[in-house]
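Counted from 1, the sequence shown has number 231 at position 232 by numbering that gives the first Met the number 0; the numbering is strictly sequential. Just so it is clear, CB atoms sit at the ideal spot from N, CA and C, and this is done for glycine as well.
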Amino acid sequence: MPTNTFTDVCRINVRGGDGGAGCMSFRREAHVPKGGPDGGDGGRGGDVVLETDPQLSSLIDYRFKHHFRAERGTHGKGARKHGRDGQDLVLKVPLGTVVHELDPQTMEPLYDIADLTKVGQRVVVAPGGVGGRGNIHFVTSVRRAPAFAEKGEPSQEHWIELEMKLMADAALVGMPSVGKSSIIARISAARPKIADYPFTTLVPNLGMVRAKDGSSFVVADVPGLIEGASEGKGLGHQFLRHIERTALILHVVDVTGGYEGRDPVEDYRAINHELDAYAAELAERPQIVVANKCDMPGAEDAVRRLREEAEKDGRPFFSVSAVTGKGLDELVSRTAAEVRALRSAVKVEEDAESSVALNQGAELMRRRRDAMVSIKSESTGIWRVSGGAVERMVIQTDWDNDEAIAYLQHRFDRIGLDDKLAAAGCRNGDEVRILGYSFTYEGPEDEDDFDELDDSDDSMLDGLEDADADEGAPEVEVVEVQAGE
Ligand SMILES: Nc1nc2c(ncn2[C@@H]2O[C@H](COP(=O)(O)OP(=O)(O)OP(=O)(O)O)[C@@H](O)[C@H]2O)c(=O)[nH]1
Ligand SMILES: [Mg+2]
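Rendered as structure tokens:
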């Protein structure tokens, strides 16, 4: 399965389906002029789900299409009929895909959502919105005929980054032009470009290598590294990232010293230094030292010195020639054996639980961010309130319906928004803006408008509490309060 071109990082915008609206309806029967409320709930919007597919070896499907949205839920109907749930949108990704949440403003990665390393592993990256509740849910002891229903929860769009980390078993690592591509071409079916100038290889090539004992492993030919790579020189970071996932490093050294006449032992040390500087664990990763170009005259001394150096570090050493093929069979056999041993060791680490825990963490972070409310002064007497959860409450409200608006006021009350506005310096009569809507602030303890709307008694509020009990209202946390001048 040699892969010569593949995209390894891409950004996509994902959005679950919107929830369907709840229905406002009353039973109609021949002998009952106006029966009880019977509006059903809206259906749930579909989720956007990532799923690993071992057949895929790249993220190329996401290079040209960037927006993905799941199906919306349909609206609820009378006679307590629920709307239909939207279908999930399943996006296939290759094994070894790491998913990052991106900051919508800076497009910088915020945190990891998932690390997809197992066949068929799934993660929800954009949950669909829940359906709005039909008017049957708003019945209370004092409100027998609620004439409003909730709109569906709009889904949230966000940007994520997919990063495919190579799932190669071994990586050919070394300075430019040491013969990494020549070696992969010789031991596998991969046919990368080979040339006598540095940085011929710019994206990694994968090759499947079959050892004599019948076992096989995937080897990656990684672009050449130079001194300073760990600081980003020569696209160092981008290249070093490819090595992070490979359990075994085949460190290739040019024993001729290359056209610059470098010292092979220094090259060997320099590369190990860069690995260490990038990530200490890379320096500790199992490594096989491969002295290449042994066919060249006068290489013996360098081979001997390098062998000593490798032995000092306790690393297996092979002298080979990608041109004549000398020593490559031995190298392949030894690599296959190491890979087998390493593979049986990693299984324990990759249990399902750890990946689930990671997803839950991401979901929690998403909820926290979503529940945050920011209050800012736009100008004298005008306040801007923003935040995912609070904005959705506004969107889910039917603005043509006074009862629905009163219910929204009640929800604001429950999350303590009025108190927080007051704390920020908001005064009665000030304007409060949420999305495109504007409210007049009337202070935190203004329970009266509720009663006025429904000319019922004071127990109205208690009744509402009951109706809300199952709501699971988000706990709103104010992150930013900026008082106006
Ligand atoms: N004599 C001799 N030349 C070799 C050998 N292996 C590679 N070369 C030559 O070295 C040069 C560089 O080889 P590549 O395989 O492109 O080296 P690379 O490490 O992949 O280089 P980058 O992709 O630039 O990092 C080419 O001219 C090869 O023909 C070898 O074993 N012996
Ligand atoms: Mg190359």
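How many Å lie between residue i and residue j at the Cα?
i      : j      : result
Val252 : Ala279 : 21 angstroms
Val319 : Val177 : 12 angstroms
Met174 : Thr200 : 11 angstroms
Gln104 : Arg333 : 49 angstroms
Ala69  : Ala421 : 40 angstroms
Lys211 : Val124 : 43 angstroms
Ala298 : Asp168 : 30 angstroms
Arg284 : Val431 : 58 angstroms
His81  : Gly428 : 41 angstroms
Gln155 : Ala194 : 49 angstroms
Thr139 : Ala423 : 34 angstroms
Lys64  : Trp398 : 36 angstroms
Val98  : Val338 : 26 angstroms
Asp369 : Tyr267 : 49 angstroms
Arg383 : Leu90  : 37 angstroms
Ser376 : Leu416 : 15 angstroms
Phe67  : Cys9   : 13 angstroms
Pro197 : His272 : 20 angstroms
Leu247 : Pro108 : 28 angstroms
Gly16  : Gln408 : 27 angstroms
Arg190 : Pro203 : 12 angstroms
Ser229 : Ala269 : 11 angstroms
Asp454 : Ala403 : Only weak support is given to the placement of Asp454: the predicted model assigns it a pLDDT of 37, under 50, and the question is left unresolved by the model.
Gly227 : Gly235 : 8 angstroms
Gly18  : Arg132 : 10 angstroms
Cys425 : Pro126 : 35 angstroms
Trp158 : Phe216 : 35 angstroms
Phe491 : Met23  : Outside the shown range of the chain (0 to 484) lies residue 491, about which nothing can therefore be said.
Gly386 : Ala20  : 22 angstroms
Gly85  : Ile135 : 22 angstroms
Arg27  : Gly39  : 15 angstroms
Kindly examine ligand 1 and report whether one of its heavy atoms sits closer than 7 angstroms to the Cβ of residue i.
i      : result
Ile374 : no
Ser320 : yes
Gly173 : yes
Ser187 : no
Lys232 : no
Ile193 : yes
Asp328 : no
Pro296 : no
Gly227 : no
Gly223 : yes
Lys292 : yes
Leu197 : One point to set straight first is that residue 197 is Pro, not Leu, in the sequence displayed. Yes - ligand 1 has a heavy atom lying nearer than 7 angstroms to the Cβ of Pro197.
Ser176 : yes
Could you check what DSSP says for residue i in three-state terms: helix, strand or coil?
i      : result
Gln104 : coil
Ile183 : helix
Glu28  : strand
Ile135 : helix
Thr439 : strand
Arg143 : coil
Gly387 : helix
Asp87  : coil
Gly380 : coil
Val198 : The sequence shown places Phe at residue 198, rather than the Val named in the question. Residue state, collapsed to three classes: coil.
Ile225 : coil
Gly233 : helix
Ala38  : Contrary to the premise, residue 38 reads as Gly rather than Ala in this sequence. In the structure shown, Gly38 sits in coil (DSSP, three-state: anything other than H, G, I, E or B).
Asp212 : coil
Asp114 : strand
His66  : strand
Ser332 : helix
Gly127 : coil
Val177 : coil
Gly206 : strand
For a test of your reading of the model: does the CB of residue i fall under 7 angstroms from any non-hydrogen atom of ligand 2? Yes or no.
i      : result
Lys179 : yes
Asp253 : no
Gln220 : It is Asp, not Gln, that sits at residue 220 in the sequence shown. Under cutoff, so the answer is yes.
Thr200 : yes
Using a C-beta cutoff of 8 angstroms, does residue i count as contacting chain B?
i     : result
Leu94 : No chain B is present in this structure, which holds just one protein chain.
Legend entry - Unbroken stretches of the alpha helix (DSSP H), 4 residues or longer, contained in the segment 251 to 294: 263 to 277, 279 to 283
Legend entry - Inter-stretch contact at 8 angstroms, needing at least 3 Cβ pairs: the segment 137 to 144 / the segment 41 to 57: no
Inset, instruction - Indicate whether the contact test is met: 3 or more Cβ pairs, each with one atom in the segment 214 to 225 and one in the segment 255 to 264, closer than 8 angstroms. - result: no
Inset, instruction - Check whether the segment 358 to 369 touches the segment 234 to 249, counting contact only when three or more Cβ pairs, one atom from each stretch, lie closer than 8 angstroms. - result: no
Legend entry - the segment 386 to 406 / the segment 432 to 440 touching (three or more Cβ pairs under 8 angstroms): yes
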